[in-house]
Amino acid sequence: RAAQGRAYGNLGNTHYLLGNFTEATTFHKERLAIAKEFGDKAAERRAYSNLGNAHIFLGRFDVAAEYYKKTLQLSRQLRDQAVEAQACYSLGNTYTLLQDYERAAEYHLRHLVIAQELADRVGEGRACWSLGNAYVSMGSPAQALTFAKKHLQISQEIGDRN
Amino acid sequence: GQRLHLMQVDSVQRWMEDLKLMTECE
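Top line first, the protein sequences correspond to chains A and B. Using the working numbering, read the first sequence as starting at 683 and increasing by one per residue. Using the working numbering, read the second sequence as starting at 92 and increasing by one per residue.
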């Protein structure tokens with residue numbers, strides 16, 4: 683049964699990489715059920731991330747957000763800050779797609795704080811870039827400028843010319 | 092589902108490009 687769970691997960695990932703997002707979700711849901719059966723929180727967390735990602739490409743941003751929230755909740759339980767940061771970043775981007783810029787900014791800020799705690803300059807740069815865009819969309823150019831400047835500073839520091 | 096109406100947001104576009112190849116492996 684445990685091997686079956688891993689096989690479902692691998693099949694889900696393979697379909698995902700082939701661009702078969704509906705099939706991917708079918709397999710990842712099977713993977714999720716087996717992870718729950720075993721109380722395997724790490725596998726459950728991975729399944730939620732994979733399900734969130736697949737729903738982005740199915741255009742179901744609302745469903746993706748719910749899966750990413752489950753990922754976020756479990757990453758905190760598992761005390762995995764890198765995954766927590768990634769979940770916040772995914773939620774920020776998903777709420778941007780949902781045109782809910784206030785909530786997008788909330789998650790990008792949470793991502794920024796964790797990236798700073800982890801001394802992840804690339805993550806911090808991405809968070810600032812996203813926050814600049816969110817504040818432009820909210821009609822707050824002064825705050826957008828603050829984050830754009832920070833984004834420029836970090837990009838120069840890490841040598842990201844793009 | 093909802094349409095990808097915000098593809099002009101560079102940071103989101105970049106994230107989605109990375110996401111296409113992002114799988115949580117077993």
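Note that beta-carbon positions come from the ideal geometry of N, C-alpha and C, so glycine has one too. Model, not experiment: these values are computed from the prediction.
Query raised in the report: Ordered along the chain, which non-local residues of its own chain (more than five positions away) have a Cβ less than 6 Å from that of A:Leu740?
Result: Taking the first sequence and counting its residues from 1, one reaches residue 740 of chain A at position 58. Cβ within range, chain order: Phe703.
Self-check item: Proximal residues, the stretch 700-731 of chain A versus chain B, C-beta separation under 7 Å
Solution: Arg728, Ser731
#### Entry: Beta carbon proximity, A:Gly805 to chain B, threshold 8 Å
As a working mapping, residue 805 of chain A is identified with position 123 in the first sequence. Taking Cβ atoms only, chain B never reaches closer than 8 Å to A:Gly805, which makes this a no.
Exercise for the section: Can you grab the Cα-Cα spacing for the pair A:Asn844 / A:Gly691, in whole Å? Expected result: The residue labelled residue 844 of chain A in the question sits at position 162 within the first sequence. The residue labelled residue 691 of chain A in the question sits at position 9 within the first sequence. Roughly 35 Å between the two C-alpha positions.
I'd like the list of long-range same chain contacts for A:Lys752, defined as Cβ closer than 7 Å, with 5 residues on each side in sequence excluded. Sequence index remark: in the first sequence, residue 752 of chain A carries index 70 (1-based). Result list for A:Lys752: Tyr730, in chain order.
Rounded straight-line distance, which links the Cα of A:Cys770 to that of B:Trp123:
A question about residue 123 of chain B goes unanswered here, because the residues of chain B that appear run from 92 up to 117.
Same chain, Cβ closer than 7 Å to A:Tyr789, neighbours up to 5 away in sequence not counted: Here the question's residue 789 of chain A lines up with position 107 in the first sequence. Closer than 7 Å at Cβ, skipping near neighbours: Cys770, Leu773, Gly774, Tyr777.
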